[in-house]
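J.: The structure is given below, and queries will be raised subsequently.
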Amino acid sequence: MDIAVLIKQVPDTYGERRLHETDWSLDRAATDAVIDEIDTRGVELALTLTEQHGGEVTAVTMGPDGATDALRKALAMGAAKAVHITDPALAGSDAVATSAVLAAALRQLDVDLIVTGNESTDGRSAAVPAMLAERLGLPAVTSVRALTVDGDTLTAERVVEGGWARIQAPLPAVVSVNEKIAEPRYPNFKGIMSAKKKPVTTLTLADLGVDADRVGAAGSATRAVDGAPRPPRTGGHTITDDGSAGAQAARYLIERKVL
Amino acid sequence: MPQALVLAVTADGALRPVTAELLAAAARVGDPAAVLVCDPAERDTLVTALGAAGATTVLVAAPPAGAPLLTGELAALTAAVTATGDVSAVLIESTFDGRELAGRLAVRLDSGVLAESTDVELLDGQVVVTQPAFGGAYSVRWTTTRGVPVITWRGNSIEDTAAPADAPAVVELTVEAPAPAPTVLEEHHEPVGDRPELTAASVVVSGGRGVGSAEKFTVVEQLADTVGGAVGASRAAVDAGFYPAQFQVGQTGTSVSPQVYIALGISGAIQHRAGMQTSKTIVAVNKDPDAPIFEIADFGVVGDLFTVAPQLTEALAER
Ligand SMILES: Cc1cc2nc3c(=O)[nH]c(=O)nc-3n(C[C@H](O)[C@H](O)[C@H](O)COP(=O)(O)OP(=O)(O)OC[C@H]3O[C@@H](n4cnc5c(N)ncnc54)[C@H](O)[C@@H]3O)c2cc1C
Ligand SMILES: Nc1ncnc2c1ncn2[C@@H]1O[C@H](COP(=O)(O)O)[C@@H](O)[C@H]1O
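Structural data, given as C-alpha cells:
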C-alpha cells in the first residue's frame, strides 16, 4: 500500500515564537524551523505500515524553500520520495487554502492512505486533515492513537475529549495521528546519507493547476483584523511555603471572589 | 436579522452546558438558532431546552442509520445552512469532533474557519472573533472575507446567556450519511462521576508528574471535589499511568479556560500551557522555584504539594 505523509515545518516550540506585529502572521525568522514533532510520528506509522504491507511512503509538504529540511528528515527516517509544494503566492495561506493545494498534490499521487498529524503546533486548526478528506471525497479518521490495516479496511482507535472509539473505514482514507501513535525512529547514518539521494519533486501552483487567487494571504477567506501580545499577568506573585501557604492560597481565591 | 447557527452538543439526552454558551455567543452576531442531531425520542425535551437556552429556531435531524462517524452532523449542518439561507455564522464547539466538522463545512461553504475563538462580535457588520495564539502569548482578531464564517468556539470563554425563546420554531432536516463513511464499532466514555466535564468546569485542578503515583492523585481529586471542579492531568502524569489519557490538558489534550486553574506538581511546559493559559486565575504549587508555571501563575506557591494542597482543600472546605 502506498502512503502519503503530510509534514509541516513549524517554529521550534521550545524557542520564543513570535507573530509579525504588522499582519499577525507567523514570524519565521524568530525561531528555528523544525519538522513538527507530531508529523515524525505520522512518518513512523506510515513506515511501519509499509513494512507490514509493502508499498512506499511519500512525504509531502507545502512551505517555503527551507521546508526541504523537514522533507529530508522524513526521507532519512525511511520515506522513499518527497514532494515539496512551494510558490511565492502561497505565503499566508489559511487552512482552507492550504487544503486546496495539498489536495491537488495528493490527487496526483493517488495513494491508499494519507497520514497527517492531528494538530500542527503553530496552526493548531486540527482542520486540515478533515478538509483534505472533504476535498478528496474520502473518509477521515482523526486523532488516532492506534491503527491496523487489513486488506482495504482500516481499524483505528480514535481518542477525543472524554473518551475513545474504535472506528472502521474503507481505504483510501485520511488518518490523523495523535502523539500516542508511535515513538518516531531516529534516522541512522545510512538513512541520513541515502536521504540526500532520494528524489524530491518540487511543485508550483501552476504544476498543480491551482488558481493563485484562491491561496496566499490575499486569496484566503480569513484575515487578521488586529492583534496584540497578551499583557503580562499583573499582580501575579509567588510565595515560598512557610507552613501556611495552603491557607494563604485559599484566602487569595476567596478574597478575589473567584471561588 | 440573519441567523447564527449553533451545533447543539448533547450527552445522554440532555444539553451540555457549552450549548447555552454557544447560543449566547451566536446571539451577538445574529438570531440564535440550533442544529440538533438526536434520537427522535429525545427530541421534544432537547428542543424545549434549546429554546430555554435562547434558540429561536431548532433545525432537527435524526442520526443516519449505521453509526457513521460525524457524517450525520456534517450533513445536518450543511442542510441547515441551505434551509436557513441568511446565515451570519456557524458556531461549533472547539473539540476534536467540532474542529473536524468545521473544517469540512468551511470547504463546502467555500469560506474560512475562525478557530479557537474566545470572543465574537459584529464590527461594521462583519463577524470578528478573538483567538489566543501560541498558548495565549498573543491575542489576534480574525474575520472572513467570503462565505459564511465557521467559528470553532473554546468553551468557558464568555459568561453571557441568550434571552430564552418560548416556543422555538422547529425545522425538520433529512440527512443521509454519504458513502464511504467511517463507522463507529464501539465507544468508550471515561466515567467522570459527579465531577463536571473538563471543558465546562469553572474550576480545574490538575496534577502532574510531581503527584508521583495514581494512588496519590486523590490529593488532586479531593481538592477538585471540595470546589466542585474537574480533574486534569499533564501528559507526563498520563504517560506515567497516574491518570487516564482523557483528562490530559494541553496542546494534544483538552484545552480549558476555567475561572480557576490549579496546577499541582506541573512544571508548566509550553505544550501544557497551550491548553490552560487562558484560564482566568492560575494557582500553581511546585517544589522548584524556577518552574516555568510560575511565569503565568497569579498565585504561586513554592512548596510540597502534599502539604499545600490538603491545607488548601481544608481551608476551602471550611469556607
Ligand atoms: C508534541 C507534544 C505534545 C505535548 N502535549 C502535551 C499536552 O497536551 N499536555 C501536557 O501536559 N504536556 C504535553 N507535552 C509534554 C510536555 O512537553 C511536558 O513534558 C509535560 O507537560 C510535563 O509534565 P509535568 O509538568 O507533569 O512533568 P515535569 O515537567 O516532570 O514536572 C513535574 C514537576 O513537579 C514538581 N514536583 C515534583 N514533586 C513535587 C511535590 N512533591 N510538590 C510540588 N511539586 C513537585 C517538579 O518540581 C516539576 O516541576 C507534549 C509534548 C510534545 C512534544
Ligand atoms: N503546509 C502543510 N504542509 C503539509 N502538511 C500540512 C500543512 N499544514 C498542515 N499539514 C498537515 O495537517 C496536520 C494538521 O495541521 P493543522 O490543521 O494546521 O492543525 C499537520 O500535522 C500536517 O500533517
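First to last, the protein sequences are chains A and B. For the record, in the first sequence the residue sitting at position 139 is 138 according to numbering that gives the first Met the number 0, with numbers rising by one throughout. For the record, in the second sequence the residue sitting at position 164 is 163 according to numbering that gives the first Met the number 0, with numbers rising by one throughout. Glycine included, C-beta positions come from ideal geometry on N, C-alpha and C.
Measure the CB-CB distance between A:A246 and B:A314 and report whether it falls below 8 Å.
T.: Yes, the Cβ-Cβ distance between A:A246 and B:A314 is below 8 Å.
J.: Can you name, in chain order, every residue of its own chain whose Cβ lies under 6 Å from the Cβ of A:V174, other than the five neighbours on each side?
T.: So the list reads V114, V140, V143, once near-sequence residues are dropped.
J.: In chain order, what residues of the same chain lie with their CB nearer than 8 Å to the CB of A:I37, ignoring the 5 residues before and after it?
T.: Cβ within range, chain order: G116, N117, E118, S119, T120, V176, N177, E178.
J.: Heavy atom of ligand 1 less than 7 Å from the Cβ of B:N285, yes or no?
T.: Within the cutoff, so yes.
J.: Give a yes or no on whether the C-beta atoms belonging to B:E115 and B:R140 are separated by under 8 Å.
T.: No, they are not a contact pair.
J.: In the DSSP output, what is A:S119 paired with across the bridge?
T.: None, per the DSSP bridge assignment.
J.: Mind pulling the chain B residues with CB within less than 7 Å of A:D93?
T.: Simply G111.
J.: Among all the DSSP beta bridges, which residues are the ones paired with A:K189?
T.: DSSP, once it has assigned bridges, lists no residue as partnering A:K189.
J.: Rounded to whole angstroms, what's the CA-CA distance from B:Q247 to B:A236? Just pull it up for me.
T.: Cα to Cα, B:Q247 sits roughly 8 Å from B:A236.
J.: Verify the contact flag: B:L311, CB atom, against every heavy atom of ligand 4, threshold strictly below 7 Å.
T.: Absence of ligand 4 from the depicted structure is noted, with ligand 1 and ligand 2 being the only ligands included.
J.: If we count the other Cβ atoms within 10 Å of its Cβ and call it buried at 16 or more, is A:N187 buried or exposed?
T.: Looking at its Cβ environment, which holds fewer than 16 other Cβ atoms inside 10 Å, A:N187 is exposed.
J.: Entirely within the stretch 32-78 of chain A and at least 3 residues each: give me those beta strand (DSSP E) ranges in chain order.
T.: As far as the stretch 32-78 of chain A is concerned, its whole beta strand (DSSP E) runs of at least 3 residues are 32-34, 56-61.
J.: According to the neighbour-count rule (16 or more other Cβ atoms, all chains shown, within 10 Å of its Cβ), is A:G77 buried or exposed?
T.: Label assigned to A:G77: buried.
J.: Would you call the CB atoms of A:L101 and A:L252 closer than 8 Å?
T.: Against a cut-off of 8 Å, the Cβ pair of A:L252 and A:L101 comes out as no contact.
J.: Shorter than 8 Å from the beta carbon of A:L18 to some beta carbon of chain B?
T.: Yes, A:L18 lies at the interface with chain B (some Cβ there is under 8 Å from its Cβ).
J.: On a CA-only basis, which of A:A211, A:H236, A:V199, A:G218 is nearest A:A75? Give me that one, please.
T.: It is A:V199 whose Cα lies nearest to the Cα of A:A75.
J.: Please state whether DSSP places B:K215 in a helix, a strand or coil.
T.: Reduced to three states, the DSSP call for B:K215 is helix.
J.: Using three-state DSSP, classify B:E294 as helix, strand or coil.
T.: Three-state DSSP puts B:E294 in a helix.
J.: Whose Cβ in chain B lies nearer than 9 Å to the Cβ of A:S124?
T.: Residues of chain B passing the Cβ test: R98, A101, G102, V112, A114, E115, T151.
J.: Going by the DSSP bridge assignment, what does B:T277 pair with across the sheet?
T.: According to DSSP, B:T277 bridges with nothing at all.
J.: Which residues, in chain order, does the stretch 169-192 of chain A contribute to contact with chain B at a C-beta distance below 8 Å?
T.: Residues passing the 8 Å Cβ filter: P169, A172, N177, E178, K179.
J.: Between which two residues does the beta strand (DSSP E) harbouring A:G208 extend?
T.: It is not in any beta strand (DSSP E) - A:G208 carries neither H nor E in the DSSP assignment.
J.: Identify whether B:Y260 lies in helix, strand or coil by the three-state DSSP scheme.
T.: Strand.
J.: List, in order along the chain, the chain B residues whose C-beta lies closer than 7 Å to that of A:R165?
T.: The answer, in chain order, is L184, E185.
J.: Is A:L146 closer than 8 Å to A:L105 when the C-beta atoms are compared?
T.: No, these two residues do not count as a Cβ contact at 8 Å.
J.: A:D210 versus chain B: which residues are under 7 Å apart at the beta carbon?
T.: Chain B residues near A:D210: none, gap ~12 Å exceeds 7 Å.
J.: In chain A, which residues lie with their C-beta within 8 Å of the C-beta of B:R318?
T.: Per Cβ cutoff of 8 Å: A249, I253, L258.
J.: If we ignore side chains and look at the alpha-carbon of each, how far apart do B:L121 and B:P163 end up?
T.: Roughly 21 Å separates the two Cα atoms.
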